[in-house]
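Under the working numbering, the sequence shown has 805 at position 33, and the numbering climbs by one with no breaks.
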Amino acid sequence: MELLHAPWRIQYILAPKTETADGSLFTRIAQSSDDEAHHVIARARSCYAVLNTFPYNGGHLMIVPYKQTSDLNALTDEELCDLLKLARRC
773 MELLHAPWRI QYILAPKTET ADGSLFTRIA QSSDDEAHHV IARARSCYAV
823 LNTFPYNGGH LMIVPYKQTS DLNALTDEEL CDLLKLARRC
């Protein structure tokens with residue numbers, strides 16, 4: 773596939789992008805108490821589940837660890853188990 777076209781994402785694509793001093797999007801969501809505004813549907817001890825605001829398909833769910841890492845191997849066994857249990861729960 774050379775091109776993925778998702779016209780319903782145009783609002784996101786055209787919106788201005790700004791850098792913020794308060795961390796990444798996922799850090800801000802993790803630290804916020806307004807789950808409804810951020811589309812957080814569940815929280816666990818070491819991660820949370822959030823619906824993508826601009827999904828490629830309906831129901832795009834992300835399970836995000838509170839620990840910032842790009843590698844699942846960096847999570848402890850407890851954190852990884854918590855992440856998988858939350859995915860199963862959602």
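Note that CB positions come from ideal geometry on N, CA and C, so glycine has one too.
- Ser818 is positioned such that its CB atom lies no closer than 8 Å to that of Glu774.
- The beta carbon of His832 lies closer than 6 Å to those of Asn824 in the same chain, with the five residues before and after it left out.
- DSSP places Cys853 inside the alpha helix (DSSP H), whose first and last residues are 849–861.
- When DSSP reads this structure, Tyr820 sits in a beta bridge with Arg815, Val836.
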